[in-house]
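Throughout, the working numbering is defined as the position within the sequence shown, counted from one, plus 2. The beta carbon of each residue, even a glycine, is placed where N, CA and C say it ideally should be. This one's a predicted model, so the numbers in the text were calculated from it and none came from an experiment. Each remark here refers to the structure printed beneath this line.
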Amino acid sequence: EIHIKEPTEKEVNPRLLPGELLLCEANTVYKYIQEDGSNRGTYGKLICTNFKISFLDEDSASDDNEPQFKNKIIGENDITLQCVDQIYGVYDEKKKLLTGQLRKYPEKLIIHCKDLRVFHFCLRYTKEEEVKRIVSGIVHHSQTPKLLKRLFLFSYASAAPDNTGGRNQTVMFDTLEDWRDELERTKGNVKYKAVVTNEGYRVSEKLPLYFVVPICVSEESILKFQGRGIPIWCWSCHNGAALLKMSAFPKEQDDNTSQMQKAFLDGIYRTISNPPYELLKTEDLSSSLPSLQDIQTAYTRFKQLFLIDNSTDFWATDVKWFSLLESTNWLEIIRRFLKKAIEVAECLERQNSNVLLVEESATDLCCVISSLVQVMMDSYSRTKSGFQSLIQKEWVTGGHSFLDRCNHLHKNDKEEAPLFLLLLDCVWQLVQQYPPAFEFTETYLTVLSDSLYVPIFSTFFFNSQHQKDTNTTGESLKTQSGPFKFLTVWDWSVQFEPKAQALLSNPLYAEKLKPDKSQRKTTRFKHQRQLSLPLTQTKSSPKRGFFREETDHLIKNILGKRIGKLIINSSDEPHNSFREFYDSWHSKPVDYHGLLLPSIDGPEIKVWAQRYLRWIPEAQLPGGGTIATAAKILDLMEEVQSLQVKMDEEHSQAISRDVQAVPMLRNSARLSSLFPFALLQRQSIKPALPTSTWKDLEDEDDLVKRDDEFVDLSGDMS
3 EIHIKEPTEK EVNPRLLPGE LLLCEANTVY KYIQEDGSNR GTYGKLICTN
53 FKISFLDEDS ASDDNEPQFK NKIIGENDIT LQCVDQIYGV YDEKKKLLTG
103 QLRKYPEKLI IHCKDLRVFH FCLRYTKEEE VKRIVSGIVH HSQTPKLLKR
153 LFLFSYASAA PDNTGGRNQT VMFDTLEDWR DELERTKGNV KYKAVVTNEG
203 YRVSEKLPLY FVVPICVSEE SILKFQGRGI PIWCWSCHNG AALLKMSAFP
253 KEQDDNTSQM QKAFLDGIYR TISNPPYELL KTEDLSSSLP SLQDIQTAYT
303 RFKQLFLIDN STDFWATDVK WFSLLESTNW LEIIRRFLKK AIEVAECLER
353 QNSNVLLVEE SATDLCCVIS SLVQVMMDSY SRTKSGFQSL IQKEWVTGGH
403 SFLDRCNHLH KNDKEEAPLF LLLLDCVWQL VQQYPPAFEF TETYLTVLSD
453 SLYVPIFSTF FFNSQHQKDT NTTGESLKTQ SGPFKFLTVW DWSVQFEPKA
503 QALLSNPLYA EKLKPDKSQR KTTRFKHQRQ LSLPLTQTKS SPKRGFFREE
553 TDHLIKNILG KRIGKLIINS SDEPHNSFRE FYDSWHSKPV DYHGLLLPSI
603 DGPEIKVWAQ RYLRWIPEAQ LPGGGTIATA AKILDLMEEV QSLQVKMDEE
653 HSQAISRDVQ AVPMLRNSAR LSSLFPFALL QRQSIKPALP TSTWKDLEDE
703 DDLVKRDDEF VDLSGDMS
């Protein structure tokens with residue numbers, strides 16, 4: 003059966019941003035809603051601009067159908083050119099990757115996005131000339147290499163009104179004062195100093211204008227090898243121990259140069275290993291962590307699990323979920339990075355040692371580890387402004403190559419590696435293990451990951467501060483002179499109205515220290531364990547996890563006796579002192595404003611459900627998931643606060659309180675576990691488990707005996 007919404011005569015005009023130009027369009031394009039394998043959909047116009055690909059139907063013109071969590075820049079049917087991952091054409095029911103020049107044009111277009119949305123467009127009813135224009139236009143503008151100045155970032159900055167306004171609370175680390183304030187905040191100003199040696203980028207174009215080094219390091223030393231071999235300060239612990247990073251010298255050098263560099267390094271080490279500095283421990287991240295290529299390969303495999311074309315594909319892979327998840331190696335990479343951060347935290351906290359992170363450029367793995375260590379050890383980095391300042395310090399001014407690692411310009415696929423996404427995934431593990439310790443929510447992290455691909459903000463679209471500074475000078479369309487004024491992603495009002503922004507803040511954030519033993523237990527959400535990988539000796543195959551947050555009994559029965567075989571991957575079993583530190587911390591009550599260590603054993607590392615599953619209707623739990631819990635807690639909080647106000651009034655101590663419940667949670671039964679990105683208007687009907695599933699699992703005796711009991715999964719999952 004085909005459900006078709008017939009095209010109407012109503013003309014829908016695209017909403018264009020300042021500087022946005024319409025490049026090509028096609029009418030009578032049919033967009034499928036691929037939620038249940040039927041051909042349901044709607045007719046509309048497909049357009050491509052210098053900013054986005056957009057599908058316009060008559061619903062686009064009305065405000066009645068707007069999502070509750072609306073992005074003001076990117077609509078539901080908009081894909082920024084930087085967000086396009088792969089484009090496929092369907093020829094005679096065969097799917098083929100589209101790149102470069104096309105000889106034949108497809109009858110269907112499938113677009114896979116980097117935020118894991120999947121769009122299906124049928125072009126059978128579109129005029130041939132329009133098909134050629136729109137397909138070649140989309141492929142060309144989203145997949146071919148481009149110059150930096152061709153990014154929409156520059157078009158928008160030159161055409162948009164100057165609305166940068168005042169600075170928000172985020173510290174940008176683009177002035178000497180910012181660095182001095184950070185030194186003072188962390189009590190690091192006794193042993194470390196902010197330097198101006200790189201003004202004019204005379205030391206290195208990769209280093210920021212201002213940075214911090216040990217007081218004993220001279221300006222001549224910094225200049226000698228263009229900043230390489232110099233320990234650069236990241237953060238100071240409460241006990242005086244510091245986290246440092248260093249760009250290593252290239253490994254292949256002639257003997258003379260190598261000897262000079264070795265003598266130089268020895269001198270530096272001797273200088274910072276003596277009092278007043280603590281004992282120095284060096285950590286070569288390139289040799290102890292996965293390579294960038296390994297990380298990219300793992301993520302490429304991992305994201306394929308969620309780029310699902312239709313409901314049939316979802317259920318076909320359902321039974322192999324655990325083995326597919328394990329084969330990607332993504333969760334294991336997250337575990338290794340968290341473990342390394344815990345090792346560094348142990349050196350700083352317990353051994354009172356300085357830790358020097360070494361990497362060839364100190365702008366990739368160093369960024370992930372130094373950020374994770376600070377999130378674990380510094381409660382300021384767990385506030386929204388603190389976390390944003392941390393990203394500015396370690397990633398943006400720290401010189402992470404966002405352009406290359408995100409491949410925004412499609413210059414070199416070999417340079418691509420999702421390191422920033424890896425950080426956000428690692429931080430999400432902490433957020434879901436210790437919710438009260440963070441001022442921001444998982445929705446904040448998800449939205450931040452989406453912002454990587456929105457080229458109206460400069461934050462994630464340069465390789466270094468030098469590259470941004472040299473490209474800031476330009477001509478404005480209005481004044482014909484003056485520098486570009488780029489927006490920063492930290493101004494959330496550009497993307498969201500205040501109501502939607504409320505969902506980025508955690509109403510359960512523990513602002514005051516609450517060393518209550520019972521609290522720690524309540525934060526262990528065991529019902530989420532289905533999205534983790536049980537690292538067992540035998541391959542685990544059945545996956546029941548997409549929609550099972552409240553049905554532990556089902557997974558236990560399906561896995562049978564194997565649930566008791568959960569073990570920790572022992573290939574790199576932590577050494578004794580690490581294990582002692584780790585176990586000792588986990589045996590005590592959690593101080594949400596002190597050191598936080600993530601649980602990294604076995605199934606504690608989970609899949610970030612909100613980010614990866616939000617566009618898959620089959621993954622929804624109607625009226626369930628964490629949002630149901632949050633809604634109940636918020637109701638309770640509101641009741642407690644109103645009682646507190648009454649008590650204050652009775653004691654004549656009434657004070658004004660800004661009590662505002664998070665919007666959109668009034669009726670949690672109407673929401674789903676994928677809130678706020680998925681709404682119940684797109685609910686999918688879960689079919690009975692096909693017989694082929696049981697055939698695949700014949701070796702599971704426990705399972706076969708229980709097949710009658712669990713065949714139908716369409717029952718009440720709440």
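Helix, strand or coil at residue i [DSSP, three-state]
i	result
S249	strand
A28	strand
C85	helix
V370	helix
T51	strand
F175	coil
C124	strand
L58	strand
N258	helix
G627	coil
W1	The structure shown does not extend to residue 1, since the chain is modelled only from 3 through 720, so no value can be given for it.
E109	coil
G388	helix
Y34	strand
E203	According to the sequence displayed, residue 203 carries Tyr and not Glu. DSSP places Y203 in helix when its eight states are reduced to three.
E22	coil
V214	strand
S601	coil
K151	helix
D80	strand
E361	strand
V197	strand
I139	The amino acid occupying residue 139 in the given sequence is Gly; Ile does not appear at that position. Reduced to three states, the DSSP call for G139 is helix.
A243	coil
S403	coil
N414	coil
N356	strand
H114	strand
Buried versus exposed, by CB contacts within 10 Å (16 or more), residue i
i	result
D257	exposed
E130	exposed
S716	Its pLDDT being 40, under 50, S716 is placed unreliably in this model, and the value from its coordinates should be taken loosely. With fewer than 16 other Cβ atoms within 10 Å, it is exposed.
H240	exposed
R616	buried
V192	exposed
Q683	Since pLDDT at Q683 reaches only 43, below the 50 mark, its modelled position is unreliable, and the value read off the structure follows with that caveat. Flag for Q683 reads exposed.
T448	buried
V173	buried
Q394	buried
I619	One point to set straight first is that residue 619 is Pro, not Ile, in the sequence displayed. Answer is buried; the Cβ neighbour count reaches 16.
T443	buried
Y127	exposed
Spatial neighbours of residue i in its chain, beta-carbon cut-off 8 Å, leaving aside the 5 residues before and after
i	result
A196	L178, W181, R182, L185, Y212, F213, V214
I270	V219, S223, G231, I232, P233
L506	K386, F442, T443, T445, Y446, V449, W494, F498
Cutoff 6 Å; reference residue i; Cβ partners in own chain excluding five residues on either side
i	result
K116	C85, D87, Y455
F304	T330, W332
L83	H143, S144
P438	L510, A512, Y594
K208	G401, S466
L18	none
Contacts around residue i, its chain only, beta-carbon distance under 7 Å, and the 5 residues preceding and following it disregarded
i	result
A343	I371, L374, V375, M378
K189	S238
Contact with chain C by residue i, beta-carbon distance below 9 Å
i	result
T172	Absent from the structure: chain C. Only one protein chain is present.
Proximity test, residue i beta-carbon vs the ligand HEM heavy atom, cut-off 8 Å
i	result
K342	The ligand content of the structure shown is nil, which means the ligand HEM is not present either.
Report the start-end ranges of each alpha helix (DSSP H) in the segment 417-499 that is 4 residues or longer and not cut off at the edges.
421-435, 444-453, 467-474
Spell out a yes or no on whether the segment 399-417 and the segment 223-231 are touching, meaning 3 or more CB-CB pairs, one atom from each, closer than 8 Å.
no
Spell out a yes or no on whether the segment 385-393 and the segment 312-323 are touching, meaning 3 or more CB-CB pairs, one atom from each, closer than 8 Å.
no
At which residue ranges does the segment 270-354 contain complete alpha helix (DSSP H) runs of 4 or more residues, listed in the order of the chain?
287-290, 294-306, 313-320, 323-330, 332-351
So, do the segment 590-598 and the segment 417-428 have three or more beta carbon pairs nearer to each other than 8 Å?
no
Three CB pairs or more closer than 8 Å across the segment 264-284 and the segment 347-359:
yes
Touching or not, the segment 119-137 and the segment 94-111, by the rule of three or more beta carbon pairs under 8 Å?
yes
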